[in-house]
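Residue numbers (full-length UniProt numbering), protein chains in the order written: chain A, 1 to 71; chain B, 1 to 183; chain C, 1 to 246; chain D, 1 to 352.
Using N, Cα and C, we set each Cβ at its ideal position, and we do this for glycine too.
Just so you know, these numbers come straight off a predicted model, no measurement behind them.
Worksheet: the structure to be examined is printed underneath.
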Amino acid sequence: MARGRVIFLAERCKACGLCVEFCPKNILVFDDHTINVLGFHPVMLLQPDECTGCGICGLMCPDLVIQVERE
Amino acid sequence: MESEKQILFAGFGGQGVLSMSKFLAYAAMGAGKNVTWVPSYGAEMRGGTANCLVTIANEEISSPLTENPLMAIIMNKPSLERFENKVQPDGTLFVNSSMVDRKCRRDDLTVLEVPVNQLAEELDNLRGANMILLGAYLEKTRVVEVEDALEHFEQIFSGKRKEIIQKNRQAFLAGVEYARNNW
Amino acid sequence: MKTVFKKPESLTDAKFHYCPGCSHGIIHRLIAECLDELKIREQTIGICPVGCSVLAYEYFNCDMLEAAHGRAPAIATAMKRLLPDRYLFTYQGDGDLASIGMGEIVHASLRGEKITVIFVNNTLYGMTGGQMAPTTLLGQVTTTSPYGRSKDWEGYPAKMAELLAQNEGSAYICRTAVNDPPNVVKTKRAIKKALQTQARGLGFSMVEVLSTCPTNWGLSPVEAMKWVEENMIPYYPLGEFKVKEE
Amino acid sequence: MKKVLMKGNEALAEGALIAGCRGFFGYPITPSSEIAEYMARKLPKIGGAFIQAESELAAINMIYGGSSTGTRVMTASSGPGISLKQEGISFISEAELPCLIVNVSRGGPGLGGIQPSQADYFQATRGGGHGDYRIIVLAPSSSQEMMDLAILAFELADKYRTPVMIMAEGTLGNLMEPVIVREAVTEFLDKPWATTGCVGRKPNVINTLHLSQEELEGRNRHLTEKYKMISKNEKRAESFLLDDAEIVVVAFGLLARIIKKSVMEARKKGVKAGLIRPVTLWPFPDEHIQAVSRTARTILSVEINMGQMVEDIRLAAGGKIPVEFYGRIGFTPNPEEITRQLLFIAEREGLL
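Structure follows, in structure tokens:
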């Protein structure tokens with residue numbers, strides 16, 4: 001079971017990819033099916049079960065897209 | 001007769017031209033008169049002579065400047081060269097004859113001479129030369145009463161050492177005495 | 001579940017106007033987290049520069065001023081002198097701080113002004129379209145050094161942390177980067193230390209943060225982070241250059 | 001009533017302190033430096049801040065910062081220094097920060113000289129820096145007014161949230177005369193806009209950037225309304241012997257006071273002369289000019305420059321009356337010189 005939970009404020013995402021790059025579990029991807037108000041494919045969690053809630057995605061996100069919770 | 005009097009002070013830097021003229025300004029204010037004090041400024045600042053214009057009046061002073069002062073206090077020869085033609089007709093020159101080796105070239109002026117440096121040497125107070133001439137000047141003109149000036153002496157020199165104030169007072173009185181005896 | 005990561009209270013809800021991947025956003029957030037953790041948001045006044053972060057007054061949830069180009073340290077100086085119990089920080093880019101504002105920053109440091117300067121070094125003028133800055137690296141191509149910056153023509157890049165560390169008035173001078181998670185954590189630690197230096201009244205404090213400009217560098221955000229490591233850090237070494245303890 | 005013999009520069013500085021000024025930020029330049037020196041002695045003793053800035057640019061931006069705290073702050077400089085400060089003055093005007101800027105003027109252009117001058121009239125009355133703005137400009141003519149207008153300057157600055165400039169010739173800064181020292185100002189306007197830390201309130205922002213066209217135009221309209229209000233309320237001038245005057249001299253500053261004597265001397269010689277002395281250079285007292293345009297024969301603008309205020313006089317006179325100019329550079333004309341000029345005009349116009 002996942003120990004962490006990630007909440008995305010997708011309308012703020014500029015798809016810079018820094019969270020995707022630095023996620024130690026490699027479980028973040030761009031959501032090719034969605035285009036947000038800024039015109040980007042926002043980031044999404046591909047395998048929620050794998051998230052450890054380490055917070056690195058939030059740490060590297062320049063746009064305050066990500067809120068992280070952990071058990 | 002208008003009460004307004006404009007007095008030019010001129011000498012070289014270090015002769016105490018600014019301080020003697022300031023003294024007069026303080027004394028005039030102390031005596032309840034209107035007064036303005038304007039140091040030489042701008043182009044006249046460079047060139048060795050320091051000068052300063054004091055205006056004293058019972059009424060409000062409109063112009064603190066003039067082309068033709070009523071009186072001039074001349075502390076050295078270059079100042080005489082420069083200002084003898086500026087003084088009003090029938091005006092008065094007060095000349096430090098120790099430092100000026102010629103007579104005034106105008107015959108419409110009253111010229112009063114004081115061998116200021118000699119007197120200062122006699123008092124062993126060379127720095128007091130300016131106060132000697134000022135004392136003589138005030139005794140003669142009563143632009144401000146000598147008594148009024150003496151009354152404000154401590155106040156005007158406030159902040160200075162007692163001994164310095166005393167020496168200036170002595171020099172001032174020597175000038176007063178010179179004027180009484182010679183003019 | 002407990003929240004381990006969210007927007008700090010010291011930032012407003014406004015969306016940043018910065019380009020994708022620009023590290024201004026990270027640095028803003030780190031400052032805000034420090035204000036939250038030190039509980040000084042209401043005691044803090046920030047001054048933002050002219051440059052990409054000119055609009056920073058819309059993002060920080062504390063009293064803010066917008067300064068003329070390069071003059072934030074002068075503004076902060078007067079404010080701190082008149083409000084000595086407040087925290088003053090300036091947020092300045094490299095053109096603002098190291099070029100047009102070189103005089104103000106050096107003298108604020110010499111006077112030991114008890115202010116905290118966050119200096120964002122991304123090696124060029126971002127807002128105006130990528131011109132050469134005093135921090136542009138040798139050989140680096142910008143729109144006004146199209147053949148690459150040359151030591152013989154444009155001269156050498158300014159090492160501001162080293163320069164200001166020499167001043168007796170400087171109490172805390174540190175250079176960090178935000179190119180990877182460990183460095184981001186270190187940057188936050190440095191900013192907090194700088195604010196604490198101000199709190200203790202020790203003197204001038206500055207954190208120089210090596211930052212990215214993916215747009216004007218012509219790199220992706222991820223490539224830009226690597227560029228910091230490969231090109232900037234070798235010339236601009238990280239670490240503390242001055243730590244006054246009293 | 002306590003009278004103290006004070007130089008104009010000192011009277012101004014003391015006036016600022018009386019008005020509650022607690023921050024001085026400046027850079028030395030002749031002939032204004034005495035103001036900084038005075039403040040350097042006094043401010044630290046009363047809990048104020050004095051900083052000799054590294055440059056005029058830093059100094060004016062310290063004013064921006066200092067005023068942002070709600071404190072009454074000032075700077076003083078002269079020609080070249082005031083030019084350097086213009087960017088900051090533009091920012092301060094748009095940010096609507098009250099402050100006092102003193103220009104103890106010297107001659108230009110360029111480094112010019114250190115002699116008295118009124119050649120910064122255009123710069124002062126047109127705002128001086130970039131963008132659409134004006135600043136209130138006051139021109140004292142005595143040591144007493146140096147003090148009184150400094151007090152007034154802070155009052156107007158706070159009331160209208162605008163920089164106020166005092167412009168004085170160098171001679172006035174150095175002139176010494178008795179001054180009645182005023183009572184300390186004790187009532188001040190609240191400044192809820194100040195950036196002092198947002199304890200218990202929403203954050204304040206002081207900013208001059210307006211990227212949207214609507215916002216920028218709105219700001220400019222707001223400032224323009226304010227300037228109209230200032231124009232309506234704050235024009236000040238002294239009139240002297242205007243009732244039957246055929247030749248009206250317009251002059252400001254110490255020069256105007258000197259010309260009072262010229263006017264009196266000319267009257268002794270049968271010339272019906274009068275004087276208008278603008279105390280506010282901006283807003284310019286145009287009604288005074290308009291009034292004499294209907295009654296006098298000619299207007300003479302006397303300035304220590306090559307003809308600047310004369311343009312405002314002509315605008316105000318609206319072609320109803322000839323407006324001529326007499327100017328000197330680097331020198332305050334003596335009263336006799338202006339008397340001669342008045343006699344010359346009177347003779348030419350057949351007024352003798």
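Of all C-beta pairs linking the stretch 275-290 of chain D to the stretch 246-253 of chain D, three or more are shorter than 8 Å, placing the two stretches in contact. Counting only residues of its own chain and dropping the five nearest sequence neighbours on each side, Pro8 of chain C has a CB closer than 8 Å to the CB of Arg29, Ala32, Glu33, Leu35 and Asp36. What Pro44 of chain D touches in chain C, judged by beta-carbon distance under 7 Å, is nothing: the nearest beta carbon there is about 11 Å away. Rounded to the nearest whole angstrom, the C-alpha separation of Val100 of chain B and Pro80 of chain D is 42 Å. Runs of the beta strand (DSSP E) lying entirely within the stretch 47-101 of chain B, each at least 3 residues long, are 49-57, 71-74 and 92-96 in chain order. Contact of Val185 of chain D with chain C is not assigned, every C-beta pair being separated by 7 Å or more. DSSP places Phe325 of chain D within a strand segment (E or B) once states are collapsed to three. Below 8 Å, enough C-beta pairs join the stretch 123-131 of chain D and the stretch 82-90 of chain D to call them touching: three or more.
It is roughly 6 Å from the alpha-carbon of Val17 of chain B to the alpha-carbon of Ala10 of chain B. Rounded to the nearest whole angstrom, the C-alpha separation of Leu9 of chain A and Phe119 of chain C is 29 Å.
Taking a beta-carbon distance threshold of 7 Å, Ile35 of chain A does not count as an interface residue toward chain C. The beta carbon of Ser79 of chain B does not come within 7 Å of any beta carbon belonging to chain D, so the residue lies off that interface. For Tyr27 of chain D, not one C-beta of chain C is nearer than 7 Å to its own C-beta. Its chain contains Leu300 as the residues whose beta carbon lies nearer than 6 Å to that of Glu324 of chain D, once the 5 sequence neighbours on both sides are disregarded; these appear in chain order. Interface criterion met: the Cβ of Glu42 of chain C is under 7 Å from a Cβ in chain D.
In this structure the stretch 148-157 of chain D touches the stretch 4-22 of chain D; the number of beta carbon pairs closer than 8 Å is three or more. Interface flag for Asp63 of chain C against chain D is set, since a Cβ pair is found closer than 7 Å. The Cβ atoms of Leu124 of chain C and Thr142 of chain C sit closer than 7 Å to each other. Where Thr44 of chain C is concerned, there is no enclosing alpha helix (DSSP H), although the beta strand (DSSP E) around it starts and stops at Thr44 to Cys48. Spatial neighbours of Arg180 of chain B in its own chain (CB-CB distance under 7 Å, excluding positions within 5 residues in sequence) are listed in chain order as Glu139.
When the Cα atoms are used, Phe40 of chain A and Pro62 of chain A turn out to be separated by approximately 15 Å.
Taking a C-beta cut-off of 8 Å against chain D, the contacting residues of the stretch 15-30 of chain B are Lys22, Ala25, Tyr26 and Met29, listed in chain order.
Among the bridge pairs identified by DSSP, Arg175 of chain C is matched with C:Glu208 and C:Gly239. Of all C-beta pairs linking the stretch 340-348 of chain D to the stretch 257-273 of chain D, three or more are shorter than 8 Å, placing the two stretches in contact. Just so you know, the alpha carbons of Cys174 of chain C and Phe241 of chain C end up roughly 6 Å apart.
Met79 of chain C has a beta carbon lying within less than 7 Å of a beta carbon in chain D. Per DSSP, the beta-bridge partners of Glu238 of chain D are D:Arg277. If you draw a straight line from the Cα of Lys192 of chain C to the Cα of Cys48 of chain C, it is about 18 Å long. Listed along the chain, the chain C residues whose CB falls inside 7 Å of the CB of Cys198 of chain D are Glu42, Cys62 and Asp63. Cβ proximity to chain C below 9 Å picks out Gly53, Cys54, Gly55, Ile56, Cys57, Gly58, Leu59, Met60, Cys61, Pro62, Asp63, Leu64, Ile66, Gln67, Val68, Glu69, Arg70 and Glu71 from the UniProt domain "4Fe-4S ferredoxin-type" (42-71) of chain A.
Proximity to Gln15 of chain B across B:Thr66, B:Gln170 and B:Leu134 peaks at B:Leu134, based on C-alpha coordinates. Here the C-alpha atom of Ala25 of chain B lies approximately 22 Å from the C-alpha atom of Lys260 of chain D. The beta strand (DSSP E) runs of length 3 or more contained entirely in the stretch 5-37 of chain B are, from start to end of the chain, 5-12. Neighbours of Val54 of chain C in chain D, taken as residues whose beta carbon is under 8 Å from its own, are Leu209 in chain order. Under DSSP, no beta-bridge partner is assigned to Lys232 of chain D. In chain order, Leu65, Ala67, Ala68, Arg71, Ala74, Ile75 and Ala78 make up the part of chain C whose C-beta sits under 9 Å from the C-beta of Tyr64 of chain D.
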